[in-house]
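**Q** Here's a structure for you.
Spelled out as structure tokens, the structure:
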């Protein structure tokens with residue numbers, strides 16, 4: 019067997035981190051379902067000979083602070099691009115963040131090159147013991163991909179935020195059988211169609227409501243947060259009474275709250291029934307990431323600085339937005355030094371759907387930079403973390419570059435979860451197997 023230079027960490031089984039000493043052991047672990055191979059997020063070789071059809075479908079949007087003030091028109095273009103399974107190229111394109119799990123299936127969507135979205139179906143790993151062959155989503159309207167998100171409760175649909183607007187992709191048969199060209203689209207995993215939302219501004223971040231009915235969209239150069247009703251194709255801009263630009267969005271699992279992260283350490287929590295909000299700020303440190311707890315009553319936010327993470331605990335009736343903010347004690351960070359506001363000890367965080375595991379990527383100023391800490395989590399009454407161990411992704415950190423990791427959980431089964439990590443053109447998937 020071929021011995022690995024460094025044993026590959028496979029995941030967790032009941033509070034113990036597993037490793038593979040050689041390539042044969044890794045392949046056996048993949049086929050048995052204990053591990054997943056590293057995946058390259060790279061630019062696929064796409065056949066440019068495409069047969070596409072486009073048209074315009076007009077839909078009305080509403081602008082105002084919760085009330086209809088003025089109706090404008092957006093163009094939703096129906097597209098039928100070529101889509102198929104493709105071979106990966108030898109050299110990867112750096113993956114800079116967009117990462118999303120399908121809500122129920124082990125299918126992972128991420129950015130391939132600057133303008134493409136790549137979908138990896140991890141069910142293939144069980145058959146071959148190797149990384150899955152990716153599927154590419156590309157279109158002339160999809161330029162400069164910034165964020166991706168699978169739509170909940172809607173089969174196989176993906177929203178893509180890009181510099182031209184938002185692309186809504188769906189695998190399978192198109193919705194208008196009589197539309198010219200759509201008769202050629204077959205209902206199989208390799209067929210896809212897209213609806214394009216032409217916004218006034220580029221889109222850099224988005225988040226779905228848990229029921230899949232509404233899509234929150236924002237851009238880092240704008241203070242306007244747009245809430246789209248996807249079924250009626252109507253949007254209501256939510257104009258905040260502040261001048262903070264929106265960098266990231268996180269809709270709570272319960273659907274009652276929307277967290278928005280802004281510049282200069284400012285973040286807001288919105289009540290999604292009244293669209294009232296409450297503001298918090300940490301002017302000494304910028305926000306890096308955030309993750310909701312499974313019941314939507316607490317959100318963990320990580321920052322630059324000596325206090326790398328805080329938890330916001332919501333209480334009281336809906337709409338009141340009564341909350342308490344407390345630092346999160348993260349074992350494994352106490353020995354680290356550095357008091358600069360730019361100290362980065364934790365750069366990404368994710369809380370799994372069972373509430374029993376929280377993972378965090380160690381930041382550039384940590385002695386274990388790039389490694390993923392696994393914590394056993396208990397959230398009653400406040401979040402308490404116990405360190406289990408560290409996972410070592412395949413991507414090597416050669417310099418403290420500005421690129422940061424992407425981290426996201428998929429609820430795996432009743433016995434655990436799947437966590438995906440993206441950095442430097444490599445995707446790592448780690449099963450966390452534990453008994454409740």
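Residue numbers (the working numbering): 19 to 454.
Heads up, the beta-carbon is just placed ideally off N, CA and C, and yes, glycines get one too.
The model shown is predicted, which means the values in this text are computed figures rather than measured ones.
(1) Rank 395, 422, 247, 237 by C-alpha distance to the C-alpha of residue 267 and give the top, closest one.
(2) Which residue wins for smallest C-alpha separation from residue 174, given the options 143, 211, 149?
(3) Taking buried to mean at least 16 other C-beta atoms within 10 Å of its own C-beta, is residue 150 buried or exposed?
(4) For residue 341, which of 439, 328, 271, 347 has the nearest alpha-carbon?
(5) Let me confirm a value: residue 399 is counted as buried when at least 16 other C-beta atoms fall within 10 Å, else exposed. Which label applies?
(6) Helix, strand or coil for residue 143 per DSSP?
(7) With a cut-off of 9 Å, does the C-beta of residue 265 fall near any C-beta of chain C?
(8) Is the region 156 to 164 close to the region 178 to 186, with three or more CB pairs under 8 Å?
(9) By a C-beta neighbour count over all protein chains shown, 10 Å radius and 16 as the cutoff for buried, is residue 88 buried or exposed?
(10) Can you name the residues that DSSP bridges to residue 247?
(11) Taking all protein chains shown into account, do 16 or more other C-beta atoms lie within 10 angstroms of the C-beta of residue 33, making it buried, or fewer, making it exposed?
(12) Could you please give the first and the last residue of the uninterrupted beta strand (DSSP E) stretch that includes residue 393?
(13) Just verifying my parser: in three-state terms, what is the DSSP assignment at residue 328?
(14) Rounded to a whole number of angstroms, what is the C-alpha to C-alpha distance between residue 133 and residue 445?
(15) Using CA atoms only, rank isn't needed, just tell me which of 396, 360, 334, 373 is closest to residue 382.
(16) What number of angstroms, rounded off, separates the C-alpha of residue 55 from the C-alpha of residue 411?
(17) Here's the rule I'm using: 16 or more other beta-carbon atoms within 10 Å means buried, otherwise exposed. How should residue 290 be labelled?
(18) Might you give, ordered along the chain, the residues of its own chain that have their beta carbon closer than 6 Å to the beta carbon of residue 273, omitting 5 neighbours on each side?
(19) Write down the C-beta distance between residue 448 and residue 147 rounded to the nearest angstrom, noting that I regard them as a contact closer than 8 Å.
(20) Using 9 Å as the threshold, is the C-beta distance between residue 425 and residue 318 below it?
(21) Could you tell me the distance, in whole angstroms, from the CA atom of residue 367 to the CA atom of residue 31?
(22) Assuming contact is defined by CB atoms lying nearer than 9 Å, are residue 307 and residue 373 in contact in what I supplied?
(23) If we ignore side chains and look at the alpha-carbon of each, how far apart do residue 235 and residue 36 end up?
(24) I'd like to check one pair, residue 370 with residue 437: are the Cβ atoms closer than 9 Å?
(25) Tell me the rounded alpha-carbon separation between residue 304 and residue 281.
(26) In the DSSP assignment, what residue or residues form a beta bridge with residue 295?
**A** Taking the definition as stated:
(1) Put simply, of 395, 422, 247, 237 the residue whose alpha carbon is nearest the alpha carbon of residue 267 is 237.
(2) When each option's Cα is compared against that of residue 174, the closest is 211.
(3) The Cβ neighbour count for residue 150, taken over all protein chains shown within 10 Å, is at least 16; the residue is labelled buried.
(4) Taking only the C-alpha atoms, the option nearest residue 341 is 328.
(5) The residue is exposed, with fewer than 16 neighbouring Cβ atoms inside 10 Å.
(6) DSSP places residue 143 within a helical segment (H, G or I) once states are collapsed to three.
(7) Among the chains of the structure shown, chain C does not appear; only one protein chain is present.
(8) The region 156 to 164 makes contact with the region 178 to 186, as at least three CB pairs between them are under 8 Å.
(9) Because the pLDDT of residue 88 is 35, which lies under 50, any placement of that residue in the model is unreliable, and the question is left without a value.
(10) Answer is 232, 252.
(11) By the beta-carbon neighbour count (other beta carbons within 10 angstroms, threshold 16), residue 33 is exposed.
(12) 390 to 396 is the extent of the beta strand (DSSP E) around residue 393.
(13) Here residue 328 carries a strand assignment [DSSP, helix/strand/coil].
(14) Cα to Cα, residue 133 sits roughly 18 Å from residue 445.
(15) Selected option, being the one with the closest Cα: 360.
(16) Spanning the alpha carbons of residue 55 and residue 411 requires a straight line of approximately 11 Å.
(17) It counts as buried.
(18) So the list reads 227, 228, once near-sequence residues are dropped.
(19) About 17 Å; that fails the 8 Å criterion.
(20) No.
(21) About 20 Å.
(22) With a cutoff of 9 Å on beta-carbon distance, residue 307 and residue 373 are scored as not near each other.
(23) Approximately 39 Å, taken between the alpha carbons.
(24) Yes, the pair counts as a contact, with Cβ atoms nearer than the cut-off.
(25) In a straight line, the C-alpha of residue 304 is about 7 Å away from that of residue 281.
(26) In DSSP, residue 295 forms a bridge with 288.
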